[in-house]
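Beneath this line is the structure, given in structure tokens, with notes to follow.
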Amino acid sequence: MCPNPNRKIFETLSNNRTEFSIKVSLLEIYNEELFDLLNPSTEVNKQLLMSNDPRNKQGVIIKGLQEITEIDRLKWDLAILTCTESLQVTRRSLEEAWRDLESTKQRLSALNVLYSTASKHNSEVQQRYAGQMEAMFAEMQKAVEEQAALARCHAGMMEQETLCEEMKRSLEEHEQELQEKLLAMFVLGLHQGSAAGCRGQL
1 MCPNPNRKIF
11 ETLSNNRTEF
21 SIKVSLLEIY
31 NEELFDLLNP
41 STEVNKQLLM
51 SNDPRNKQGV
61 IIKGLQEITE
71 IDRLKWDLAI
81 LTCTESLQVT
91 RRSLEEAWRD
101 LESTKQRLSA
111 LNVLYSTASK
121 HNSEVQQRYA
131 GQMEAMFAEM
141 QKAVEEQAAL
151 ARCHAGMMEQ
161 ETLCEEMKRS
171 LEEHEQELQE
181 KLLAMFVLGL
191 HQGSAAGCRG
201 QL
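Numbering (UniProt numbering), first residue to last: 1 to 202.
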């Protein structure tokens with residue numbers, strides 16, 4: 001999660017005295033399985049269901065996710081802390097984490113801002129700040145993509161390092177084999193020379 005865009009959302013809405021409420025859910029998708037990071041119980045995760053959103057052709061609905069409602073900055077920070085602790089508890093090894101970023105793992109975050117019907121300027125506020133919020137989430141997406149690019153770079157470096165180690169071991173094995181062959185040829189030459197000397201004396 002990127003803290004600056006999230007903080008900016010609260011500041012922008014609060015500075016303009018906009019009436020709003022926010023519901024937050026934290027979801028992880030790993031190997032085509034759903035994980036509720038606010039409630040990491042195995043039984044709860046088994047009951048999570050994904051379906052298409054009838055109101056949005058490109059959206060989805062996750063049924064069974066725990067939600068935090070009437071959230072403020074403090075509750076948001078606590079939610080992020082809970083999410084981080086859940087990820088740390090379930091974190092795999094470093095190598096698997098790099099593979100996760102490279103392959104099937106994606107973290108999805110979304111903030112649903114619901115404007116109060118009592119506000120007189122709801123439509124105006126939505127139009128004014130919709131672009132800013134889209135830019136903020138674009139920044140978050142960019143950060144995720146940069147992290148994935150770094151993961152690919154690291155994986156490539158690890159692969160090259162492994163290849164170099166294998167080549168080094170192969171060269172050492174060939175060098176040892178060559179030394180053994182040269183030693184065998186040298187010993188064989190000594191034996192042949194000794195045999196020829198004996199025949200000459202006879």
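The C-beta atom is built at its ideal place from N, Cα and C for all residues, glycine as well.
DSSP, reduced to helix, strand and coil, places N52 within a strand of the structure shown. Looking at N39, L38 and M50, the one whose alpha-carbon comes closest to that of E32 is M50. CA-to-CA, the gap between R17 and I68 works out to about 22 Å. In the DSSP annotation of this structure, L26 is not part of any beta strand (DSSP E), being labelled neither H nor E.
Taking 8 Å as the cut-off, the Cβ atoms of N39 and Q66 count as close. If you check the CB distance, L48 and G64 come in under 8 Å. A straight-line Cα-Cα distance of about 10 Å links R55 and I61. Bridge pairing for E33: Y30 [DSSP]. By the C-beta density criterion, V187 is exposed, having fewer than 16 other C-beta atoms within 10 angstroms. The beta-bridge partner set that DSSP reports for V60 consists of N52. For L34 against L27, the beta-carbon gap comes to about 7 Å, under 8 Å, which counts as contact.
By the neighbour-count criterion, in which 16 or more other beta carbons inside 10 Å mark a residue as buried, D53 falls on the exposed side.
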